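So the structure is just underneath, and the comments pick up after that.
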Amino acid sequence: MGLWNRALLTTHVYDVLRRKKSLWVSWIYIHRLHNVHFWNAPIISNSSWIWRKLLELREQVRPFFLSYIGDGKTVNAWEDKWILLGSLSSLIPYRFFHREGFNKSSKVEDVVRRIGSNWPQSWTIRCPNFSNVTIPTLQNDILDRVSWLNLNQQVRPFMVKEVWEVFLGNQETVFWYDLCWFKNYVPKHSFCFWLAILDKLPTQVRMAKWLPNGDSLRCPLCSQASDSRDHLFFQCDYSNAVWSLIRTDIGCSLDGV
Numbered sequence: 001m002g003l004w005n006r007a008l009l010t011t012h013v014y015d016v017l018r019r020k021k022s023l024w025v026s027w028i029y030i031h032r033l034h035n036v037h038f039w040n041a042p043i044i045s046n047s048s049w050i051w052r053k054l055l056e057l058r059e060q061v062r063p064f065f066l067s068y069i070g071d072g073k074t075v076n077a078w079e080d081k082w083i084l085l086g087s088l089s090s091l092i093p094y095r096f097f098h099r100e101g102f103n104k105s106s107k108v109e110d111v112v113r114r115i116g117s118n119w120p121q122s123w124t125i126r127c128p129n130f131s132n133v134t135i136p137t138l139q140n141d142i143l144d145r146v147s148w149l150n151l152n153q154q155v156r157p158f159m160v161k162e163v164w165e166v167f168l169g170n171q172e173t174v175f176w177y178d179l180c181w182f183k184n185y186v187p188k189h190s191f192c193f194w195l196a197i198l199d200k201l202p203t204q205v206r207m208a209k210w211l212p213n214g215d216s217l218r219c220p221l222c223s224q225a226s227d228s229r230d231h232l233f234f235q236c237d238y239s240n241a242v243w244s245l246i247r248t249d250i251g252c253s254l255d256g257v
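1 is the number of the first residue of the sequence shown in UniProt numbering; add one for each residue after it.
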């Protein structure tokens with residue numbers, strides 16, 4: 001599944017986590033998440049295609065969802081990530097959590113009210129980084145909300161663009177970027193230029209892979225060979241003649257190139 005499709009599907013994960021008021025989310029909580037948290041829901045045989053894909057996305061997107069604590073009434077203290085370190089389930093064994101009087105259904109409100117301003121000693125011994133994390137303060141007049149973290153662990157508003165950038169990862173800018181995506185560019189022209197650079201234009205050489213008798217296709221300009229990106233722009237006699245006229249007209253010389 002492509003990066004963009006996965007980024008779009010992540011919006012459904014976001015809707016489930018924030019319990020969006022919609023018929024679909026309500027159905028999911030009644031029929032799929034009745035007694036289980038989303039992060040632990042099993043993939044069953046009669047699951048729909050989209051539900052299976054959402055569950056398969058969990059491992060990839062879970063580190064980037066952060067619950068911002070308001071009143072703490074809706075955030076699961078064990079499974080949800082409500083501190084930057086990660087979810088408690090990823091930091092300490094369940095017996096440490098249960099020993100403090102909590103269970104897998106406990107909310108952040110329950111935890112904060114019981115432990116106060118200091119993490120339990122057994123937790124900090126097991127995970128010393130707890131000592132660097134401030135326990136959230138409950139705000140009774142503010143609802144909990146779900147946010148998105150970028151690759152630098154900075155809180156960002158949830159947008160498909162932000163998700164796509166996380167899936168894409170840190171990559172170097174290609175040298176031809178400014179030639180394609182510049183200020184005031186014409187979208188259609190830049191898109192075609194982008195396809196040409198990646199050699200993804202629907203040329204005869206590419207279409208021959210799935211068309212019957214594709215090998216017999218010939219360039220409509222010169223009829224000498226099947227057209228490819230390089231043929232159309234650089235090798236075809238007809239297109240070379242056109243480029244020569246354009247260079248003459250604009251006074252462009254290729255001497256020394």
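Ideal placement from N, C-alpha and C gives every residue a C-beta, glycine not left out.
For clarity, every value in this text was computed on a predicted model and none was experimentally measured.
### Task
Within the same chain, show all residues whose beta-carbon is closer than 7 Å to that of G2, passing over the 5 residues directly before and after it, in chain order.
none
### Query
If we ignore side chains and look at the alpha-carbon of each, how far apart do residue 258 and L17 end up?
This structure gives no information on residue 258, because the portion of the chain shown stretches from 1 to 257.
### Query
From R52 to D80, what distance separates their C-alpha atoms?
20 Å
### Message
Quick check on N76: buried or exposed, where buried means 16 or more other Cβ atoms within 10 Å of its Cβ?
### Response
buried
#### Entry: Reduced DSSP secondary structure (H/G/I, E/B, other) of R19
coil
### Message
Under 8 Å, with one C-beta from each stretch per pair, do the segment 6-17 and the segment 171-179 reach the 3-pair mark?
### Response
no
#### Entry: Closest by C-alpha distance to L8, when choosing among K161, L149, R229 and N140
K161
### Query
If you scan the segment 187-219 from start to end, which runs of the alpha helix (DSSP H) of 4 or more residues do you find wholly inside it?
187-197 and 204-207
### DSSP-derived helix/strand/coil call for Y185
coil
#### Entry: L66 in three-state terms, based on DSSP
strand
### Message
One question on the structure: do G86 and Q139 come within less than 7 Å of each other, judged by their Cβ atoms?
### Response
no
### Message
Just list the residues that DSSP pairs R58 with in beta bridges.
### Response
None, per the DSSP bridge assignment.
### Query
Under the DSSP definition of a beta bridge, which residues are partnered with L149?
V155
### Task
Please determine if the segment 229-247 and the segment 191-208 are in contact, where contact requires at least 3 C-beta pairs separated by less than 8 Å.
yes
### Message
Check whether the segment 94-112 and the segment 56-64 touch, using three or more Cβ-Cβ pairs below 8 Å as the test.
### Response
no
### Cα-Cα separation, E165 to S105
33 Å
### Query
For the candidate residues R6, H34, T74 and H31, whose alpha-carbon lies nearest to that of residue 285?
Past the boundaries of the shown model lies residue 285; the chain is included only from 1 to 257, so the question cannot be answered.
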